[in-house]
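Trainee: Per my numbering, the very first residue in the sequence shown carries number 1153; after that it's consecutive.
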Amino acid sequence: MAAPRGHGAAASKALPWSVPACMKMVGEDPSGALDYAQDALHAGVGWQARHCRALAQLETGDEESAATDLESLARLPAGRADGPTALDQAMLAREAADAWLALGQAARAQNCAEYGLTRQKQDQGLVIVLARALLAQNQIAHARDVLAGFFVDAPQPTSQGYVLLATAERRMGQVGPALEHVSKALALDPLNPEALLEHGIISEQQGHAAKARQDWQQVLELAPDSHEADLARQDLAVMAADPDAP
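1) In three-state terms, what does DSSP make of Pro1172?
2) Is the distance from the Cβ of Leu1225 to the Cβ of His1203 below 8 Å?
3) Nearest-angstrom Cα distance between Arg1205 and Asp1367?
4) With Ala1288 and Tyr1267 assumed to form a contact (beta carbons below 8 Å), what rounded beta-carbon distance in angstroms separates them?
5) Check each candidate in Leu1340, His1351 and Leu1343 and name the one with the smallest Cα separation from Pro1329.
6) Can you tell me whether DSSP reads Met1243 as helix, strand or coil?
7) If I measure Cβ to Cβ from Leu1343 and keep anything under 7 Å in the same chain, skipping five residues before and after, which residues do I get?
8) Any idea if Arg1284 is buried or exposed, counting beta-carbon neighbours within 10 angstroms, 16 or more meaning buried?
9) Buried or exposed for Arg1221, please, with buried defined as at least 16 other CB atoms from any protein chain shown within 10 angstroms of its CB.
10) Use the C-beta contact count for Asp1394: other C-beta atoms within 10 angstroms, 16 or more gives buried, fewer gives exposed.
11) Let me make sure I understand the geometry here. Which of Pro1345, Gly1359 and Gln1308 has the alpha-carbon closest to that of Asp1382?
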């Protein structure tokens, strides 16, 4: 079913409630999606309308309301006929954790991710956001253990997961394992800016300044407006200011 044309309240009333239509509107017209989901909630539609509204809130800049609602939805009592399944709860918890982490509330992100893993313990997305939350709180060994434990049984580890494991190991002074794991990340995704940034940091620590510079320059080319690019620029500036750097 096609999403309603137009914007705002008029668009929200153009169709009866449909989850796919609302989700499509989130990307195309988030303000319209807010109205569309709110109308559905007034009509008694259940948790999917709240979910769509929260995603639209993220798009329109109301991150705290979205994070709060996503977390509340994830924790709805299990077993309700009209409620989210365990798989849905894991997805909602992951989205809530991502939202809290973006707001700088790493402890709340950790709590959401840990809850989500009680609903779906092999969810790699939840493991990754949990590791990010732990690293943000300087719980480096805990992050390393969470990732390493997951990878023992993970059928297809992602590049992102290997990067985070390498970051934790490098921050613990375990440069050899860190290089091994960031290399695995780049083997899976050679153009991953996060992996290239981390590989550059490790290379610089090992005394390979030229290789580090090459990695960071590639980050700037691939994702010039990213957080990774900002960090690469900082690292390049530090290197340029060092009279002993080759």
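Glycine is no exception: its CB is placed at the ideal position from the N, C-alpha and C atoms. Note that the structure is a prediction, hence the values are computed from the model and not measured.
Mentor: So, from the listed chains and residues:
1) Of the three classes helix, strand and coil, the one that applies to Pro1172 here is helix, per DSSP.
2) Taking 8 Å as the Cβ cut-off, Leu1225 and His1203 qualify as a contacting pair.
3) Rounded to the nearest angstrom, the two C-alpha atoms are 40 Å apart.
4) That belief does not hold up - the Cβ atoms of Ala1288 and Tyr1267 are roughly 18 Å apart, past 8 Å.
5) Nearest C-alpha to Pro1329 among Leu1340, His1351 and Leu1343: His1351.
6) Three-state DSSP puts Met1243 in a helix.
7) Excluding sequence neighbours, Leu1343 sits near Leu1374.
8) The residue is buried, with at least 16 neighbouring Cβ atoms inside 10 Å.
9) The sequence shown places Asp at residue 1221, rather than the Arg named in the question. Burial call: buried.
10) Exposed, since its Cβ has fewer than 16 Cβ neighbours within 10 Å.
11) For Asp1382, the closest alpha carbon among the candidates Pro1345, Gly1359 and Gln1308 is that of Pro1345.
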